[in-house]
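When you line the sequence shown up against the working numbering, it's residues 1389 to 1506, in that order.
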Amino acid sequence: MEIDVNEIMIYAFILIFSGFLAACSQILLKKSADRNYNRTIEMFLNLRNIMAYALFCISAMMGMYVLRFMPLSLTIALQSLVYIFVAGLSHVFLHERIKRRQVIGIAMILAGVFIFSV
1389 MEIDVNEIMI YAFILIFSGF LAACSQILLK KSADRNYNRT IEMFLNLRNI
1439 MAYALFCISA MMGMYVLRFM PLSLTIALQS LVYIFVAGLS HVFLHERIKR
1489 RQVIGIAMIL AGVFIFSV
């Protein structure tokens, strides 16, 4: 089954968006973990955790859907963008500093995505 470039672009966008959702779910989980709870059950059953796991499930389903249509090498390369999204969202919402090693890692990820997509 051959798909054209426009379809690959649509599936690539879906995959990148799914990676963004996965990064958002990780930020929600971190924000939830930073809070103090009165009871143990509240640590697990709170709105942030439930939303985070729902986003993660949606992200995983989107990734599995795209795997049916895109080459595996490109799919894996695009899914590695999650690390960049997490670093960016952590900087914005958690006020974490992006260190030199992280910048080097982000550059390597972007280079890998470029190499595998060409």
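Glycine included, every Cβ here is placed at the ideal spot set by N, Cα and C. As the structure is a prediction and not an experimental result, all values here were calculated from the model.
Quiz item: Met-1450 and Ser-1505: beta carbons closer than 8 angstroms?
Solution: With contacts defined as CB atoms closer than 8 angstroms, Met-1450 and Ser-1505 fail to qualify as a contacting pair.
Exercise. Would you mind working out which of Met-1439, Phe-1432, Phe-1408 sits nearest Leu-1416, comparing C-alpha positions?
Key: Of Met-1439, Phe-1432, Phe-1408, the smallest CA-CA separation from Leu-1416 is found for Met-1439.
Practice problem: Answer with buried or exposed for Ala-1421, where buried requires no fewer than 16 other C-beta atoms within 10 angstroms of its C-beta. | Solution: Under this definition Ala-1421 is an exposed residue.
Quiz item: When you compare only the Cα positions, how much space is there between Gln-1414 and Ile-1391?
Solution: Distance between the alpha carbons of Gln-1414 and Ile-1391: 33 angstroms.
Quiz item: Does DSSP put Val-1506 in a helix, a strand or coil?
Solution: Taken through DSSP and simplified to helix, strand or coil, Val-1506 comes out as coil.
Exercise. Buried or exposed for Ala-1410, please, with buried defined as at least 16 other CB atoms from any protein chain shown within 10 angstroms of its CB.
Key: Here Ala-1410 is buried: its Cβ has 16 or more other Cβ atoms, across all protein chains shown, within 10 Å.
Quiz item: Straight-line CA distance for Val-1393 to Val-1454?
Solution: Using only the alpha carbons, I get a separation of about 14 angstroms.
Quiz prompt | Beta-carbon proximity check, Lys-1418 vs Leu-1482, cutoff 8 angstroms | solution = Taking 8 angstroms as the Cβ cut-off, Lys-1418 and Leu-1482 qualify as a contacting pair.
Self-check item: Exposure of Ser-1447, with buried meaning 16 or more beta-carbon neighbours within 10 Å
Solution: Classification of Ser-1447: buried, given that the 10 Å Cβ count is 16 or more.
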